[in-house]
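Here the structure comes first, spelled out in structure tokens, and everything after it is commentary.
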Amino acid sequence: MEGGIDKGNPSEQVRIPHKFCPYCGAKNEPRVDNCANCGKDISWIEIPEPVPTLETPPYKPEPLPPQREPLSRRALAIALSIVVVILAVLLVVLLLT
Ligand SMILES: [Zn+2]
Numbered sequence: 050m051e052g053g054i055d056k057g058n059p060s061e062q063v064r065i066p067h068k069f070c071p072y073c074g075a076k077n078e079p080r081v082d083n084c085a086n087c088g089k090d091i092s093w094i095e096i097p098e099p100v101p102t103l104e105t106p107p108y109k110p111e112p113l114p115p116q117r118e119p120l121s122r123r124a125l126a127i128a129l130s131i132v133v134v135i136l137a138v139l140l141v142v143l144l145l146t
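Mapped onto the numbering used here, the consecutive letters of the sequence shown carry residue numbers 50 to 146.
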């Protein structure tokens with residue numbers, strides 16, 4: 050059984066521009082020559098080309114450069130603990146001597 054998701058749906062939505070009558074503002078079909086509302090000649094109105102609904106490509110996140118901050122933080126913590134241990138040892142040695 051195939052089906053479910055249709056790929057390449059031919060019935061894509063295409064925005065068909067309309068003629069807007071400059072005299073009365075009525076919306077007319079793009080092929081008409083006279084306004085359906087007031088009957089004036091609107092055949093001279095230029096119709097913009099139909100704009101297909103293009104899907105904007107999803108934003109591609111650029112690969113982030115490797116961050117060394119966590120490593121340096123951990124290294125800093127380790128160095129700090131080592132310093133504390135050394136100081137404690139020195140203190141103990143000084144106290145014992
Ligand atoms: Zn009109």
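Yeah, the Cβ is synthetic: ideal placement off N, Cα and C, and Gly gets one too. Here the structure is a predicted model, which is why all the values come from computation and not from measurement.
Since Asp82 sits in a beta bridge, which residues does DSSP pair it with?
Paired residues: none, contrary to the question.
In terms of DSSP beta bridges, what is Ser68 paired with?
The sequence given here has Lys at residue 68, not Ser. Looking at the DSSP output, Lys68 sits in a beta bridge with Asn77.
Just jot down, in chain order, the residues whose CB lies closer than 5 Å to any heavy atom of ligand 2.
Annotation note on ligand 2: not contained in the displayed structure, which lists ligand 1 as its ligands.
Mind checking whether Ile94 and Cys84 have CB atoms under 7 Å apart?
Not in contact: Ile94 and Cys84 (Cβ atoms no closer than 7 Å).
Thinking C-beta only, is Lys68 closer than 7 Å to Asn77?
Against a cut-off of 7 Å, the Cβ pair of Lys68 and Asn77 comes out as a contact.
Report, in whole angstroms, the separation of the C-beta atoms of Ile96 and Pro110, which I expect to be a contact under 8 Å.
A Cβ-Cβ distance of about 39 Å is found for the pair Ile96 and Pro110, leaving them out of contact under the 8 Å criterion.
Cβ neighbours of Tyr72 in the same chain (closer than 7 Å, five flanking residues each side left out)
Same-chain partners within the cutoff: Cys84, Cys87 and Lys89.
Given this structure, state the Cα-to-Cα distance separating Val142 from Ser121, to the nearest angstrom.
About 31 Å.
Going by Cα to Cα distance, which pick from Pro66, Tyr108 and Thr146 is closest to Thr102?
Per the Cα distances, Pro66.
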